[in-house]
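Chemist: Pasting a structure here, questions to come.
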Amino acid sequence: MRPSVSDLQLPPPYSLVPLREAGDAFAHACAIAADEGAGTLAWVRRYDLAEFAVVLEPEEPLEDARRAIYAGMNALADALAVHAPPSRPITFDWPDAVRVDGVLVGGARLGWPEGARENEIPDWIVFSGMIRTAVIRAGEPGLRPLLGALDELGFVALDAGEIVASFSRHLMAAFHEWSDTGFGSIASRWLDRLPRKGDEHAEIAGNGDLLISDTASQGLRERISLPEALARPSWLDPMTGTPWL
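Residue numbers (our numbering): -1 to 243.
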């Protein structure tokens, strides 16, 4: 059954733009962002995907505003954690993928106006999330152990609208946290969900880049560009427009 608009209860700052099942929340939100403004939330009414995109109006230059990807992902993970079985940890792949107990279930995207300058405040940015809630016409989970959906991972009676509504509330809390305590707390909470690899130590740079250093020497090993990483979502199958499965 397709979720109805009345099923989705958003806090007052948001303005809902419902889309049909074939809609693209990310593309639609980017297309209307300049006219509709902050708080506009596009939602695709599908039961097998929680697909949405929200328009934000940053107060920082683009090179800093991209860090909203971390606040948005924290909010998305917090929304999932409310319903997750205790034995199913929620983790991230840098910079944009969401996993539940190691299984890829979706991720996030970030958009901004074409031609926007790095050192200027963009008119808008769009944070978009997509989580696979149910599997349709796919092979057995054992044949794809690292790819899946929430219904295969013990999330009981959870629909897409619940995830989107919960995300909207957690995103407000995330931006209040950012305003009150600074970006450091956002970065720290995001990094808490990033699995450590060997002797690596990860940090988020002031502009959102990922810094990898050796735990022992604390010497910087690698700096990975956030804008370049966001250009091609790691979790998104370009053929289907949905998370890899």
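Virtual Cβ for every residue (Gly too), placed ideally from N, Cα, C.
(1) Please report the distance separating the alpha-carbon of D62 from that of D207.
(2) L224 and P59: beta carbons closer than 7 Å?
(3) What do you reckon, are the CB atoms on A32 and F50 nearer than 7 Å?
(4) Quick one: Cα of A185 to Cα of R221, how far?
(5) Between the C-alpha atoms of D212 and K195, what's the straight-line distance to the nearest angstrom?
(6) Sort A27, H26 and G37 by Cα distance to P10 and report the nearest one.
(7) Report yes or no: do the region 99 to 112 and the region 122 to 130 share at least 3 C-beta pairs separated by less than 8 Å?
(8) Are there three or more Cβ pairs, one per stretch, closer than 8 Å when the region 73 to 84 is compared with the region 225 to 235?
(9) Within the continuous alpha helix (DSSP H) that includes R167, where are the two ends?
(10) By Cβ distance, which residues of its chain are closer than 7 Å to P87, with the 5 residues on each side in sequence left out?
(11) Using the beta-carbon count (16 or more within 10 Å), is P244 buried or exposed?
Modeler: Taking the definition as stated:
(1) 10 Å
(2) no
(3) no
(4) 16 Å
(5) 10 Å
(6) G37
(7) yes
(8) no
(9) A158 to T179
(10) D99
(11) This structure cannot settle anything about residue 244, because the visible part of the chain is limited to -1 through 243.
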